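Report on the following structure.
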Amino acid sequence: MSETRYTDQHEWIRLDGEEATVGITQYAAESLGDVVFVELPASGKTVTAGGEAAVVESVKAASDIYAPAGGTVTSANSALEKEPSKVNEDPEGAGWFFKMKLNDKAEFAKLMDATAYGKFVESL
Amino acid sequence: MARALLGESEVLPIGLGARDSLRLEAGLCLYGHDIDETRNPAEANLLWSIGKRRKEARDFPGAAASLGAAPAIKRVGLRPEGRAPAREGAEIADKSGRIIGKVTSGGFGPSLNAPVAMGYVEAAFAGEGTAVDLIVRGKPLPAAVAPMPFIPNTYRRKK
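Those protein sequences? They're chains B and R, same order as listed. Under the numbering used here, the very last position in the first sequence is 1423; numbers go up by exactly one each time. Under the numbering used here, the very last position in the second sequence is 161; numbers go up by exactly one each time.
The following block contains the structure:
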């Protein structure tokens, strides 16, 4: 069974067994506007919680995407290289950025759940 | 007034991002970015904007610098390869890695569905098709010097 958590930087992370998938939320995708390019991390890259992991370029600006938790990147969504618009169309599904193995699941557990994130977005 | 205009069926709201990408595709300078007090019309490739009589009389501010020796740097259009945009401030390097200029405007051109930029390079690199690298996040992004406007303009001159 998978479980999804959220950061205050508007990334989501879905833990499914030992592997976690990371992307940006609907709110982030809408705020960025049309995504035109995504720079993805290489498989094997070590990321830290809150550290830079990817870059998303929209028609408006370039934004860093931070790893919600520390670990090692296991794969990236290469489909975004040809079709970055998937990030706008389905940010929390087909528009995922990368998969990673977590160092410590406690970091994941500390993040906001869907209810808390929903309240956070409403407060913005 | 904005509400009254938006009430018209052919009017849609646009923001600064849309305006900026469209003027860049049209090859138009944004003051304070692509031109400022430190650039003369020859460097900025804007001598066409000065009347013939004034060019002959050399009586406009900066005439000596603009009409004297050929400029050492020139404003050019740039077309990055691939889809990653290079934005204002990105350095421009020649193929040996030497820095030869800087991007002054850059982004993604929605009409071209491709990234576009403009900036200043040493005059020797200003020729159309010259291969350069734009330094984006510390990595060289291959690009070519390209003619502007990036898309043909459709301005009408009033008869």
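Built from N, CA and C at the ideal position, the CB exists for glycine as well. Quick caveat: nothing in here was measured; it's all calculated off a predicted structure.
Which residue comes first and which comes last in the beta strand (DSSP E) that contains R/Arg81?
Per DSSP, R/Arg81 belongs to the beta strand (DSSP E) from 75-82.
Tell me, to the nearest whole angstrom, how far the beta carbon of B/Thr1320 is from that of B/Lys1385; I am working on the premise that it is less than 8 Å.
Actually they are not in contact, since the Cβ atoms of B/Thr1320 and B/Lys1385 sit about 14 Å apart, beyond 8 Å.
Looking at R/Thr106 and R/Gly129, is the spacing between their C-beta atoms short of 7 Å?
The answer is no: Cβ separation not under 7 Å.
Checking the sheet assignment: what are the DSSP bridge partners for R/Pro144?
The partner list for R/Pro144 (beta bridge, DSSP) reads R/Asp135.
Beta-carbon within less than 6 Å of R/Glu83's beta-carbon, same chain only, minus the 5 sequence neighbours each way: which residues are those?
Pro144, listed in sequence order.
What number of angstroms, rounded off, separates the C-alpha of B/Ala1393 from the C-alpha of B/Ala1360?
Roughly 22 Å separates the two Cα atoms.
Going by beta-carbon coordinates alone, are R/Val123 and R/Ala88 separated by less than 7 Å?
Going by C-beta atoms, R/Val123 is not nearer than 7 Å to R/Ala88.
Alpha carbon to alpha carbon, how far is B/Asn1376 from B/Asp1403?
Rounded to whole angstroms, the gap between the alpha carbons of B/Asn1376 and B/Asp1403 is 23 Å.
At 8 Å on the CB atoms, spell out the chain R contacts of B/Gly1332, in chain order.
Simply Gly19.
Interface residues of chain R around B/Lys1338 at Cβ under 8 Å?
Contrary to the premise, residue 1338 of chain B reads as Glu rather than Lys in this sequence. The contact set of B/Glu1338 on chain R, defined by CB atoms closer than 8 Å, consists of Ala86, Arg139 in chain order.
Per DSSP, what kind of secondary structure is B/Phe1271 in: helix, strand or coil?
This structure cannot settle anything about residue 1271 of chain B, because the visible part of chain B is limited to 1300 through 1423.
Skipping 5 residues on each side, what residues in its chain have a beta carbon closer than 8 Å to that of B/Glu1388?
The residues are Gly1394.
Check B/Val1386 in the structure and name its three-state DSSP category.
DSSP places B/Val1386 in helix when its eight states are reduced to three.
Should the segment 45-64 of chain R be regarded as contacting the segment 91-105 of chain R, the criterion being three or more beta carbon pairs within less than 8 Å?
Judged by Cβ distances under 8 Å, the segment 45-64 of chain R makes no contact with the segment 91-105 of chain R, as fewer than three pairs qualify.
Which same chain residues, not among the five before or five after R/Lys54, have their C-beta less than 6 Å away from its C-beta?
Excluding the 5 residues flanking it on each side, R/Lys54 has no same chain C-beta neighbour closer than 6 Å.
For B/Gly1417, three-class secondary structure by DSSP:
DSSP places B/Gly1417 in helix when its eight states are reduced to three.
List, in order along the chain, the chain R residues whose C-beta lies closer than 8 Å to that of B/Ala1393?
What B/Ala1393 touches in chain R: nothing, since even the nearest Cβ is about 18 Å away.
Using the beta-carbon count (16 or more within 10 Å), is R/Tyr33 buried or exposed?
So R/Tyr33 counts as exposed.
So which of B/Glu1356, B/Glu1391, B/Phe1396, B/Ala1415 has the shortest CA-CA distance to B/Ala1366?
Per the Cα distances, B/Phe1396.
Given 8 Å, three or more beta-carbon pairs between the segment 67-77 of chain R and the segment 38-54 of chain R:
Segments in contact, yes.
Just the chain R side, please: which residues come within less than 9 Å of B/Thr1383 by C-beta, in chain order?
What sits at residue 1383 of chain B in the sequence shown is Pro, not Thr. Result: Arg85.
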